[in-house]
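K.L.:
Once you've had a glance at the structure underneath, I'll fire off some questions.
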Amino acid sequence: MRRVDITSLDQRKLTFDTGALIQDFESDGFEKSQAETIVFALTILANVSLDTVYKEMVTGAQQEITVQQVMTHLDSIRKDMVILEKSEFAYLKAENEKMKIELNQLKQQLINETVRIRANNKLDINLERSRVTDLFTDQEKKLMEATTELSKRDTYIKSIISETNNKIDIEIASLKTLIESDKLETIRYLAASVFTCLAIALGFYRFWK
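Residue numbers (our numbering): 57 to 265.
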């Protein structure tokens, strides 16, 4: 058995564009930090899934090397069969059949393990999708509540402003009335003063005349 070389995280290419996915979440109403958190969680999930696949499966290159080794071994067997007796040939043929059966069993185990890993990955993705949907619904609910609260505050502020404007208008009207009253009193006082001065002047005039 040979060790499988697992691609490091910094050299591994994801199957989706994280930048475009963040923009899609932002266009759906998420904040940038929330979108980045969701995409980061999806990236971790993808890397974990890839790690699981790499640990449980062999690479295409390793499988090709194994097949080449088997073919080389079979070629050696064919050369040996030329010089071996019929009994030895029958023995080698039985061993070859046994090897084929074991190889088919390993192939079937590999297929079963692949199906299991895919099913687990699909379940994890569905769970993450459900969590993201719940998070989006909760954020939408909070947004609606905040919008309603802002609308109530706006209505309250408008009512206060309207009431204040009404009070100001009343005070201005009262002030205008008071000013007009003062003007009238001033005019009356001036008129009385003028008439008094005329009367005194007329008295002096008659006195000196």
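We put the beta carbon where it would ideally sit given N, CA and C, even for glycine. Source: prediction; values computed, not measured.
1. Considering only their Cβ atoms, is the gap separating threonine 93 from threonine 74 smaller than 8 Å?
2. Would you mind sorting alanine 91 into buried or exposed? The rule is 16 or more other CB atoms within 10 Å of its CB.
3. Assess contact between the stretch 201-210 and the stretch 120-137, defined as three or more Cβ pairs (one per stretch) separated by less than 8 Å. Is contact present?
4. So glutamate 184 and leucine 101 are supposed to be a Cβ contact under 8 Å. How far apart are they, rounded?
5. Just the Cα atoms here: how many angstroms apart are isoleucine 62 and leucine 199?
6. Taking the continuous alpha helix (DSSP H) assigned at phenylalanine 81, which residues delimit it?
7. Among Asn152, Gln119, Gln118 and Asp107, whose alpha-carbon lies nearest the alpha-carbon of histidine 129?
8. Report yes if the CB atom of valine 95 is closer than 8 Å to the CB atom of leucine 106, and no otherwise.
9. Between Val104, Cys253, Ala255 and Lys88, which has its C-alpha nearest threonine 178's C-alpha?
10. Report the three-state DSSP secondary structure of glutamate 201 (helix, strand or coil).
11. What do you reckon, are the CB atoms on threonine 108 and isoleucine 167 nearer than 8 Å?
12. Under a Cβ-count criterion, where at least 16 other Cβ atoms within 10 Å of its own Cβ denotes burial, should phenylalanine 86 be classed as buried or exposed?
13. Would you report the Cα separation of isoleucine 217 and threonine 203, rounded to the nearest angstrom?
14. Quick one: is phenylalanine 251 buried, meaning 16 or more other Cβ sit within 10 Å of its Cβ, or exposed?
15. Take the Cβ of phenylalanine 81 as the centre, count every other Cβ of all protein chains shown within 10 Å, and call the residue buried at 16 or more, exposed below.
16. Is glutamate 169 helix, strand or coil by DSSP?
17. Tell me the rounded alpha-carbon separation between lysine 88 and lysine 197.
18. For phenylalanine 96, name the three-state secondary structure that DSSP assigns.
P.N.:
On the basis of the data shown:
1. no
2. buried
3. With the cut-off at 8 Å, the stretch 201-210 and the stretch 120-137 do not touch.
4. 6 Å
5. Reliability fails at isoleucine 62, whose pLDDT of 44 lies under 50, so the model's placement of it is uncertain and the value that follows must be treated cautiously. Each residue's Cα considered, the two are about 44 Å apart.
6. 74-83
7. Asn152
8. no
9. According to the sequence shown, residue 178 is lysine rather than threonine. The alpha carbon of lysine 178 has as its nearest neighbour, out of Val104, Cys253, Ala255 and Lys88, the alpha carbon of Val104.
10. helix
11. The answer is no: Cβ separation not under 8 Å.
12. buried
13. 21 Å
14. exposed
15. buried
16. Three-state result, glutamate 169: helix.
17. 18 Å
18. Here phenylalanine 96 sits in helix by DSSP.
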